[in-house]
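If you read the protein sequences in the order shown, they are chains A and B.
For the first sequence, the UniProt record's numbering begins at 1 and goes up steadily by one.
For the second sequence, the UniProt record's numbering begins at 1 and goes up steadily by one.
Accompanying notes for the structure given below.
There are 2 protein chains.
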Amino acid sequence: MTRTMFDLCGADQRLRFSPFCWRVRLALAHKGLEAETRAWHFTDKQAIAFSGQQKVPVLVDEDDEVIVDSFDIMAWLDDKYPVVSLLGEGEAQRRARFIKHWAEGALAPAIMKIAILDVFAAIDPKDRDYFRESREQRLGSRLEDFQDAQEGARLLDAALKPLRAQLEDAPFIDGERPGGADYLAFGMFMLPRVVRPQPLLEEGDAAHGWHERMLDLFDGMARNAPRVSG
Amino acid sequence: MTRTMFDLCGADQRLRFSPFCWRVRLALAHKGLEAETRAWHFTDKQAIAFSGQQKVPVLVDEDDEVIVDSFDIMAWLDDKYPVVSLLGEGEAQRRARFIKHWAEGALAPAIMKIAILDVFAAIDPKDRDYFRESREQRLGSRLEDFQDAQEGARLLDAALKPLRAQLEDAPFIDGERPGGADYLAFGMFMLPRVVRPQPLLEEGDAAHGWHERMLDLFDGMARNAPRVSG
């Protein structure tokens with residue numbers, strides 16, 4: 001078995017907190033495909049230079065095909081391993097893409113308000129200058145000024161409205177069983193879960209129930225992922 | 001032709017501003033189906049009592065089948081008139097439902113912050129007590145205190161992020177051609193378009209370009225809808 005995924009890690013290499021890598025790990029499990037994950041730090045740009053870009057996830061499939069970008073990897077897996085669809089085709093795939101954009105445009109900003117300093121604390125010291133510079137340029141403020149757990153909780157509560165409404169009819173975004181849309185959204189929640197000891201969601205919240213179900217999938221693959229201790 | 005849709009109207013019966021009714025009007029046009037719309041006021045509960053509930057849209061199809069709720073009507077149309085799908089089935093339909101919840105949970109609150117007093121001004125005087133009481137109970141504040149165009153614009157800008165990102169790849173949410181997800185989202189924009197003279201979106205915004213394309217569909221069905229004058 002030579003399928004390999006380059007997977008962002010913390011100073012403790014067991015800490016895997018990239019939302020985008022988690023999408024792919026769950027997508028692979030959904031298809032029953034195994035992959036060796038290779039711990040990768042933000043500044044290990046040389047290690048993935050072969051992919052022609054600088055971000056993970058990078059998937060190197062069995063026959064040395066190289067695929068990047070979490071959504072593109074999921075679409076590629078659907079093409080190469082069509083049994084048990086992830087994103088589907090046509091409108092189904094377009095609508096999954098919308099849910100990806102909701103996860104990145106609504107959930108992620110709220111979660112980063114809550115957890116960006118926890119990420120900073122969890123990453124390898126050698127990555128910290130890179131992380132601070134790249135994020136502070138993107139955010140237009142210092143990490144310490146951006147972090148605001150109370151404002152983040154308020155944003156998260158608003159961002160979760162479509163998810164909570166969706167879960168009134170079925171246990172997963174995609175219906176009775178989890179699908180590509182669930183992985184696209186859930187990956188985002190693995191960042192705060194891994195880098196912070198505090199729970200993000202409260203019991204009784206429909207989003208919490210879904211989060212618990214997602215943690216349980218594939219023999220607790222996500223639930224058993226190492227976390228920082230409290 | 002005996003297909004009839006009960007359609008919310010203003011004091012001027014030509015003003016049709018219900019997001020939910022617009023979804024159905026566009027969905028019918030998408031399938032090439034004609035329908036007579038019947039002007040209906042908020043307080044005309046008796047006129048739709050036969051539907052077993054109190055809200056529009058209510059569709060009475062050719063053979064006297066009665067269907068309510070915009071999403072359920074769209075799904076029903078897919079079953080009864082399967083040529084040219086709106087929502088599709090399985091995961092495609094589930095993901096369309098998520099986009100419905102985004103439209104109602106993220107777009108609608110922003111738009112109502114901007115336009116609720118314009119709705120109040122546009123509706124029939126006989127509907128105003130009902131509208132004020134039902135909305136003020138739901139919102140927990142007076143209409144005049146809830147309206148806040150500046151805060152609404154800020155919320156709208158944040159809510160539009162997934163839509164703008166989605167439009168980077170294709171002209172419509174559903175891809176190269178508009179589909180059910182586009183109608184679910186676009187209906188929401190017809191409320192401010194009809195009840196306010198000011199444009200909601202600015203030129204140069206990807207959401208504005210999409211909004212223009214949606215207005216043009218079906219020989220300008222939405223563009224030509226009567227509006228309040230400036």
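For every residue, glycine included, the Cβ atom is placed at its ideal position computed from N, Cα and C.
Check: Separation of residue 74 of chain B from residue 47 of chain A, as counted between CA atoms; Outcome: 50 angstroms
Check: Neighbour-count burial assignment, residue 49 of chain B, 16 or more Cβ in a 10 Å radius; Outcome: exposed
Check: Environment of residue 153 of chain B [buried if 16+ CB atoms lie within 10 Å]; Outcome: exposed
Check: Bridge partners - residue 67 of chain B, DSSP secondary structure assignment; Outcome: B:59
Check: Residue 85 of chain B at chain A interface by Cβ criterion, 9 angstroms; Outcome: yes
Check: Residue 67 of chain B versus residue 76 of chain B - alpha carbon distance; Outcome: 8 angstroms
Check: Close Cβ partners of residue 229 of chain A (< 8 angstroms) along its chain, the five nearest in sequence each way excluded; Outcome: 197
Check: Residue 225 of chain B beta carbon less than 9 angstroms from that of residue 231 of chain B; Outcome: Here chain B comprises residues numbered 1 to 230, so residue 231 of chain B is not present and cannot be evaluated.
Check: Closest residue to residue 41 of chain A among A:106, A:22, A:11, A:87 (Cα-Cα distance); Outcome: A:11
Check: CA nearest to the CA of residue 62 of chain B, picked from B:146, B:202, B:14, B:81; Outcome: B:81
Check: For residue 6 of chain A, the first and last residue of its enclosing beta strand (DSSP E); Outcome: 4-8
Check: C-beta contact flag for residue 143 of chain A and residue 117 of chain A at 9 angstroms; Outcome: yes
Check: Neighbour flag for residue 82 of chain B against chain A, beta carbons, 9 angstroms; Outcome: no
Check: Identified DSSP bridge partners for residue 172 of chain A; Outcome: A:175
Check: Span separating the alpha-carbon of residue 122 of chain B from that of residue 71 of chain B; Outcome: 26 angstroms
Check: Residue 79 of chain A classed as buried or exposed, judged by whether at least 16 other C-beta atoms fall within 10 angstroms; Outcome: exposed
Check: Those runs of the alpha helix (DSSP H) which lie wholly inside the segment 114-188 of chain B and span at least 4 residues; Outcome: 128-139, 143-146, 149-159, 161-166
Check: Contact with chain B by residue 97 of chain A, beta-carbon distance below 9 angstroms; Outcome: yes
Check: Coil, strand or helix - residue 36 of chain A by DSSP; Outcome: strand
Check: Proximal chain A residues relative to residue 318 of chain B, where beta-carbon distance stays under 8 angstroms; Outcome: For chain B, the structure presents residues 1 to 230; residue 318 of chain B sits outside this window and is missing.
Check: Cross-chain neighbours of residue 73 of chain B in chain A, by beta carbon under 7 angstroms; Outcome: None at all; the shortest Cβ gap to chain A is about 17 angstroms.
Check: Continuous alpha helix (DSSP H) stretch holding residue 19 of chain B: start and end; Outcome: 19-30
Check: Chain B contact for residue 175 of chain A (CB, 9 angstroms cutoff); Outcome: yes
Check: Residues of the UniProt domain "GST N-terminal" (8-85) of chain B with Cβ closer than 9 angstroms to any Cβ of chain A, in chain order; Outcome: 85
Check: Where residue 41 of chain A sits in the DSSP three-state scheme; Outcome: coil
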